[in-house]
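Residue numbers (the numbering used here): 27 to 474.
No residue lacks a Cβ here, since even glycine has one placed at the ideal position from N, Cα and C.
These figures come from a predicted structure and were not determined experimentally.
Here's the structure, in structure tokens; my notes come after.
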């Protein structure tokens, strides 16, 4: 190559460029310009992604899968990527993918002397679940609630004294979640790819449990480099917030957008980006500072003002977006009974309910009842006259918002799906209403 100087321009000029993923495309342009390669018309519809070493070797990149997913197949039909990224790139059916380990292999690809990579397939990793689990009888209502939450993707709040099993129930919810559908599995791998190159194409629903001292940037994303937060790392899985009242109120209010929309907009001086954040929120809290408000066993040491202040952290718009609320209080020790439940049977039931929902929402962009928004609720979830009357009475009695009314509809539909019932019946709706009352009106209850 001559000692000429070459200038490469990347549009748009106002966008900041950083990273090394364009090394291969710049090198290819220079090689074509100096007639060291002859691409035979293939260049215009080919994507080149790769970081070059000084010896011409290609180094693996993070983010290949989400980058290629966001590119139109009308403009490009071929992708050339580092050899280590070939399998994740080959997950996408819209491209012919070539994996190369050195710049000298580029000529073979452009002159059609290489065979494209075979299409890859995602391996779904099943959660290892114990067949049976022993719970106390006073935990069974909460177990029913997490079944509903897992089956229909409904945000849930568990409230009760310390040691009652809230964290255990949250972990069980992760076990009960249905196996991810193919597009969900792809979404899970996209997030992992954005963190580091994928060494294996195994998808499992994530379970994230940030500490209550976490910052807003860690939780929702941001910083100078617009990094992903826990809400995005939990996409298509569970975000567990323990000790909910210990989180700063501002941090919890920042969760309103992803809880409702399934994504989060991160804006900083360096730019704005929208990340996926379609998580299932499982939250746990003590009912008051001492933890024993409402308990029949231990007297509560808090006055009404303290309790209201404690619960105010997660009240308001954030709490309004929670679909299911459950209070768990232990029975007297001599009355506590253990019950053996089959997690395997529960998961089978949840998997069937998920399949019903996937078929119902096929092509809509939704997977679960809990993800429905706006006008889609009325379009998909139509109730008979007796159920509509119950809902009307609910509006009058509690002055329920449209959002809360829609939540009740969605939860009732999930309960019906768990029973494989085509129609939402009155019993399904009444059960859904039972999960809307927990601890909502502190001032109307006596301190134990």
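Per the DSSP calculation, residue i is bridged to which residue(s)?
| i | result |
| --- | --- |
| residue 16 | No information on residue 16 is available, as it lies outside the stretch 27 to 474 that the chain covers here. |
| residue 184 | 310 and 352 |
| residue 84 | 78 |
| residue 149 | 228 |
| residue 234 | 265 |
Does DSSP put residue i in a helix, a strand or coil?
| i | result |
| --- | --- |
| residue 56 | helix |
| residue 473 | With a pLDDT of 39 at residue 473, under the threshold of 50, the predicted position of this residue should be treated as unreliable, and no value is reported. |
| residue 168 | helix |
| residue 229 | strand |
| residue 458 | helix |
| residue 162 | strand |
| residue 321 | coil |
| residue 362 | coil |
| residue 190 | coil |
| residue 156 | coil |
| residue 51 | helix |
| residue 367 | strand |
| residue 394 | coil |
| residue 31 | coil |
| residue 46 | coil |
| residue 467 | Residue placement at residue 467 cannot be trusted, given a pLDDT of 39 that sits under 50; the coordinates are not used to answer. |
Beta carbon of residue i, beta carbon of residue j: below 8 Å?
| i | j | result |
| --- | --- | --- |
| residue 86 | residue 216 | no |
| residue 292 | residue 301 | yes |
| residue 63 | residue 117 | no |
| residue 369 | residue 157 | yes |
| residue 262 | residue 213 | yes |
| residue 271 | residue 319 | no |
| residue 285 | residue 345 | no |
| residue 76 | residue 108 | yes |
| residue 462 | residue 351 | yes |
| residue 219 | residue 374 | no |
| residue 202 | residue 173 | yes |
| residue 148 | residue 229 | yes |
| residue 105 | residue 73 | yes |
| residue 234 | residue 265 | yes |
| residue 84 | residue 78 | yes |
| residue 355 | residue 186 | yes |
| residue 364 | residue 160 | yes |
| residue 60 | residue 150 | no |
| residue 103 | residue 122 | yes |
| residue 384 | residue 152 | no |
| residue 277 | residue 245 | yes |
| residue 310 | residue 289 | no |
| residue 232 | residue 211 | no |
Just checking residue i against the ligand GTP - is the residue's beta carbon closer than 7 Å to any of the ligand's heavy atoms?
| i | result |
| --- | --- |
| residue 228 | Within the structure as shown, the ligand GTP is missing, as the structure has no ligands at all. |
Should residue i be flagged as near chain B, meaning a C-beta pair shorter than 8 Å?
| i | result |
| --- | --- |
| residue 68 | Judged by its chain identifiers, the structure shown contains no chain B, having just a single protein chain. |
Practice task
At 4 residues or longer, and completely inside the region 236-316: list those alpha helix (DSSP H) runs for me, N to C.
Solution key: 242-246, 256-259, 275-279 and 282-287
Practice task
Evaluate contact between the region 190-199 and the region 385-396, counting only Cβ atoms and requiring at least three cross-stretch pairs below 8 Å.
Solution key: no
Exercise for the section: Count the C-beta pairs between the region 369-384 and the region 170-188 that are closer than 8 Å, then say yes if the count reaches three, no if not. Expected result: Cβ pair count under 8 Å is three or more, so yes.
Exercise for the section: Check whether the region 400-413 touches the region 303-318, counting contact only when three or more Cβ pairs, one atom from each stretch, lie closer than 8 Å. Expected result: no
Exercise for the section: Report yes or no: do three or more beta-carbon pairs, one from the region 237-252 and one from the region 119-128, lie closer than 8 Å? Expected result: no
Exercise for the section: Decide yes or no for the touch test of the region 179-190 against the region 140-157: beta carbon pairs closer than 8 Å, at least 3 of them. Expected result: no
Practice task
Assess, as a yes-or-no matter, whether the region 440-455 is touched by the region 409-426 under the definition of 3 or more beta carbon pairs within less than 8 Å.
Solution key: yes
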